[in-house]
Amino acid sequence: MHDTRQQIIEHLKEKEQATVDELAAIVNLTPMAVRYHLNVLQRDNLITSPAVRRVTGRGRPQQVYTLTEAADELFPVDYYGLTDYLLEELVFRLGKDGIDDLFNSIASRLANEVPSTKKDQTVEERLDEMVVFLEKRGFVPDWESQETHYLLHVYSCPYRQVVKSHKYVCLLDKRVIGAMLNTTPVRTTCLAAGDSHCTYQIPKPVQLAVA
């Protein structure tokens, strides 16, 4: 981002709102030049349309600018770091058995969200449905058919940063796959172990469970 626009955004983040003249003094430009940058930021949905600030006593009302919610995405966040702290604290408080029970419960809740098998649905149709279900949750999966089994590949996992330190998180996608196909998949490669993707082997024949 242009340095001037970055300065404007940082000032608005700190002060919550500012006029053109105030911003001009901060970035050391003329008000006309600042208006150009404000127009660009407004076009990009990073600042709001100017609101009117009424002044006490004499003086003309002033237009003030504020950041939009979209501008928050420009500032760094550390969700992974916070998640690591939370999980480490849970392990400390609950112990290994407790954390296993916790993630088994989470996995069961996630598995309960999978769509029911349709009448006369083929395994291939179910696999396609599973790919869509996982994609909506941030995975990048596909599948292929082998002579004696199916292979489900997951090339990106939304939990990949957390899994580096907390391997039990891998239980979640395995449980979902098992619930959708009414079987126990076998993981043969794993992103958390340094492989390029996760692969689950699903033995044939697969007997889908119809609700």
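Sequential numbering from 95 applies to the sequence shown in this note's numbering. Virtual Cβ for every residue (Gly too), placed ideally from N, Cα, C.
Under the criterion of beta carbons closer than 8 angstroms, Y173 and A112 do not qualify as touching, at roughly 29 angstroms.
Ranked by Cα distance from V263, the options V171, Y253, T293 and N276 are led by Y253. DSSP places I120 in the uninterrupted alpha helix (DSSP H) bounded by V114 to V121. Here T277 is buried. Its C-beta has 16 or more other C-beta atoms within 10 Å. In summary, P297 is exposed, with fewer than 16 beta-carbon neighbours lying within 10 Å of its beta-carbon over all protein chains present. The C-beta of L285 has 16 or more other C-beta atoms within 10 Å across all chains shown, which makes the residue buried. When the Cα atoms are used, L135 and Q100 turn out to be separated by approximately 10 angstroms.
Apart from the 5 residues on each side of it in sequence, K261 sits with its Cβ closer than 7 angstroms to the Cβ of A286 in its chain, given in chain order. Using a C-beta cut-off of 8 angstroms, the stretch 191-201 makes no contact with the stretch 222-230, since fewer than three inter-stretch Cβ pairs fall below that distance.
Taking a cut-off of 8 angstroms on C-beta distances, the stretch 126-145 touches the stretch 156-170, as three or more cross pairs fall below it. In this chain, the alpha helix (DSSP H) harbouring V257 covers R254 to V257. Annotated as distal: F227 and V171, with beta-carbon spacing of 9 angstroms or more. V185 has its alpha-carbon roughly 8 angstroms from the corresponding atom of G192.
For the options T293, E108, A127 and L266, the alpha carbon positioned closest to that of P235 is the one of T293. In the DSSP assignment, Y244 falls within the beta strand (DSSP E) that extends over H243 to V248.
At least 9 angstroms separates the beta-carbon of N139 from that of A119.
For P279, the closest of P299, N133 and F197 by C-alpha to C-alpha distance is P299.
Of H131, R281 and Q240, the smallest CA-CA separation from V248 is found for R281.
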